[in-house]
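In UniProt numbering, the protein residues as written are 1 to 510.
Even for Gly, the Cβ is constructed at its ideal location relative to N, Cα and C.
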């Protein structure tokens with residue numbers, strides 16, 4: 001640990017509900033927050049924890065933007081967008097959120113080392129970037145103050161650059177994650193813009209309308225940024241020669257060029273004459289000054305790119321079919337009130353009843369989470385945690401959750417919950433002589449035939465093969481209630497696309 005690491009006041013701290021996360025080192029930081037490596041003491045896993053910078057704590061707008069970032073990342077259910085696992089506020093009032101810990105490098109770091117990439121690798125990376133942005137551009141359903149409004153909001157990233165594209169190596173290939181939705185622009189039917197009249201983004205990759213802070217900016221601004229990134233990946237340079245300009249760091253060259261200068265053709269760059277005319281046409285269409293001249297969507301760009309190069313990116317390779325098809329919901333985080341200490345006025349029966357309710361509610365959370373996961377996807381743990389902090393009874397918890405399930409699935413969800421936990425007791429502890437069921441040590445669905453040790457082993461082996469998606473796959477599989485260890489192994493193996501790796505997985509756990 002370096003001297004600066006040792007002097008950082010957050011190193012060694014534990015934060016979160018029941019001090020769940022222990023901060024071990026600082027990974028880096030951006031404009032709004034610092035990112036730390038932490039250990040999830042409940043699950044024994046490393047996570048990335050982003051904490052709002054101290055100097056920004058009193059800045060209401062920036063704090064709001066920080067909180068919105070966690071909402072957006074949690075709502076965009078794509079494995080090509082960094083996954084949010086938890087959210088909270090520490091005792092001193094700093095908001096934080098917990099993300100999957102990614103092992104690898106940014107595209108920016110890769111380009112610093114290799115300068116330019118092959119057509120094949122470039123297409124593979126950009127295709128996944130497009131997949132990650134597709135859900136954001138398509139729109140997610142927003143919820144206000146716990147009540148679903150049915151309002152569809154579209155999200156424009158506005159800060160796409162190589163540093164915000166993370167590359168994770170897995171045995172099945174390169175998994176791409178889009179990072180940092182901190183300055184994303186949100187569109188809805190009620191509020192057409194969140195534009196402040198100020199430039200937001202990074203000069204080198206910003207669209208002309210973004211430079212001009214125009215209020216009609218839309219998803220095609222992201223397509224322009226993708227074009228800039230792709231041009232750099234293929235040529236090792238930029239279309240305006242600004243990277244060779246000594247004053248480029250100040251932004252003058254970029255500001256002028258994005259708005260007024262025509263981009264140089266891709267094939268005119270040194271050692272780029274071998275690139276196909278069709279590929280060049282795709283890149284140059286992304287860089288048109290007028291948004292209407294660009295591709296209308298990232299899906300159209302993705303398809304054109306693969307057609308122009310003859311490279312077909314197999315979506316199944318990176319397990320993309322695993323994302324939930326359920327509606328996505330954005331929830332406003334609610335900080336749970338601190339526990340109220342029992343005073344001398346409290347009767348023993350009141351204390352016991354409160355304790356039993358808390359225990360029963362915890363038991364319900366363990367049972368309900370895998371069911372909820374099947375209906376609303378990866379945001380389930382965050383939504384469940386929020387609803388539990390507000391619920392006054394078990395039945396109230398179910399009512400709060402049902403309102404976030406699509407209308408045509410609510411009866412089915414309620415029946416599944418009833419099957420899992422039995423009839424919901426609205427006043428647990430009253431008339432009971434026995435304590436509520438004990439809570440398993442982790443949020444994994446319990447199964448009497450399968451030990452937690454074996455489940456942890458399955459997750460570890462699966463993660464070595466398919467990377468960060470292992471836990472989500474395991475949760476979904478356990479929710480199907482395999483009856484034995486052998487059945488669990490077989491169900492997991494069937495979700496590994498490569499037969500060779502699937503066979504190795506069976507062998508290791510057989």
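> Rounded to a whole number of angstroms, what is the C-alpha to C-alpha distance between residue 94 and residue 133?
Replying inline: 29 Å
Item checked: Sequence-distant residues of the same chain with beta carbon closer than 7 Å to residue 340, five excluded per side -> Confidence at residue 340 is low in this model, with a pLDDT of 37, below 50, so its placement is unreliable and the value that follows should be read with caution. Cβ within range, chain order: n/a, list empty.
_Using DSSP's beta-bridge definition, name the partner residues of residue 175._
168
For residue 216, is the classification buried or exposed, using 16 other Cβ atoms within 10 angstroms of its Cβ as the cut-off for buried? exposed
Is the stretch 255–265 touching the stretch 304–316 in the sense that three or more CB pairs, one from each, lie closer than 8 Å?
no
The stretch 226–234 contacting the stretch 170–183, beta-carbon criterion three pairs below 8 Å: no
| query | Would DSSP call residue 218 helix, strand or coil? | reply | coil
### Message
Here's the rule I'm using: 16 or more other beta-carbon atoms within 10 Å means buried, otherwise exposed. How should residue 92 be labelled?
### Response
Within 10 angstroms of the beta-carbon of residue 92 lie fewer than 16 other beta-carbons, which makes it exposed.
**Asked** Are the stretch 204–221 and the stretch 155–169 touching by the rule of at least three beta carbon pairs closer than 8 Å?
**Response** yes
Supposed contact pair residue 493 and residue 505 - C-beta distance, whole angstroms, cut 8 Å: 5 Å
Check: How should residue 16 be labelled, buried or exposed, when 16 other C-beta atoms within 10 angstroms of its C-beta is the threshold for buried?
Finding: A buried status is given to residue 16, since no fewer than 16 other beta-carbon atoms sit within 10 Å of its beta-carbon.
Residue 134 Cβ short of 7 Å to the ligand FMN heavy atom set: As presented, the structure is devoid of all ligands, the ligand FMN included, so that no description of it is given.
**Q.** Cβ shell of residue 511 (< 6 Å), same chain only, five flanking positions each side left out
**A.** Residue 511 falls outside the range modelled here, since the chain spans only 1 to 510, and no answer is possible.
- Residue range of the alpha helix (DSSP H) that residue 516 falls in? Summary: the structure shown does not reach residue 516, with the chain confined to residues 1 through 510, and so no result is reported for it.
- Message: By the DSSP assignment, the alpha helix (DSSP H) with residue 83 in it spans what residues?
- Response: Bounds of any alpha helix (DSSP H) do not take in residue 83, whose DSSP letter is neither H nor E.
Cβ-Cβ distance between residue 226 and residue 272 below 8 Å: no
For residue 14, collect the residues of the same chain with a Cβ closer than 8 Å to its Cβ; drop the 5 residues on either side in sequence, then sort them by chain order. 20, 21, 22, 23, 41
| Where do the ends of the alpha helix (DSSP H) carrying residue 261 lie? | No alpha helix (DSSP H) contains residue 261, which DSSP labels as neither H nor E.
CB contact check: residue 400 to chain D, cutoff 8 Å:
Considering every chain present, this structure includes no chain D. It has just one protein chain.
Original post:
Taking the alpha-carbon positions, what's the residue 108 to residue 236 distance?
Top reply: 12 Å
Report task. Can you tell me the Cβ-Cβ gap for residue 255 and residue 266, rounded? I've got them flagged as a contact below 8 Å. Result -> Your pair residue 255 and residue 266 does not check out as a contact, with CB atoms roughly 22 Å apart and the cut at 8 Å.
Going by the beta-carbon positions, is the gap between residue 38 and residue 52 smaller than 8 Å? no
Fill in: Residue span of the alpha helix (DSSP H) that contains residue 281, given as start and end
277–286
Shortest alpha-carbon distance to residue 474 belongs to which of 239, 415, 458, 119?
-> Ranking 239, 415, 458, 119 by Cα distance to residue 474 puts 458 first.
Legend entry - Residue range of the beta strand (DSSP E) that includes residue 50: Per DSSP, residue 50 is one residue of the beta strand (DSSP E) stretching across 45–52.
- In chain order, what residues of the same chain lie with their CB nearer than 7 Å to the CB of residue 397, ignoring the 5 residues before and after it? 361, 364, 387, 388, 391
| message | Just verifying my parser: in three-state terms, what is the DSSP assignment at residue 240? | response | coil
**Asked** With a Cβ-Cβ cutoff of 8 Å, do residue 421 and residue 413 count as a contact?
**Response** no
Do residue 102 and residue 515 have their beta-carbon atoms positioned less than 8 Å apart in this structure?
Outside the displayed span of the chain (1 to 510) sits residue 515, for which this structure offers no information.
Short Cβ contact (8 Å threshold) for residue 234 with residue 122:
yes
inquiry  = Using the three-state DSSP reduction, which class does residue 452 fall into: helix, strand or coil?
reply    = helix
Skipping 5 residues on each side, what residues in its chain have a beta carbon closer than 6 Å to that of residue 304?
-> Only 282 meet the Cβ criterion.
Residues that residue 89 bridges to, as DSSP identifies them:
The partner list for residue 89 (beta bridge, DSSP) reads 95.
**Asked** In terms of alpha-carbon separation, which member of 84, 368, 96, 43 lies closest to residue 64?
**Response** Out of 84, 368, 96, 43, 96 has the C-alpha closest to the C-alpha of residue 64.
Checklist entry - Where do the ends of the beta strand (DSSP E) carrying residue 23 lie? => result 21–29 is the span of the beta strand (DSSP E), which, as asked, contains residue 23.
| Where do the N-terminal and C-terminal ends of the beta strand (DSSP E) with residue 35 fall, by residue? | Bounds of the beta strand (DSSP E) holding residue 35 are 33–40.
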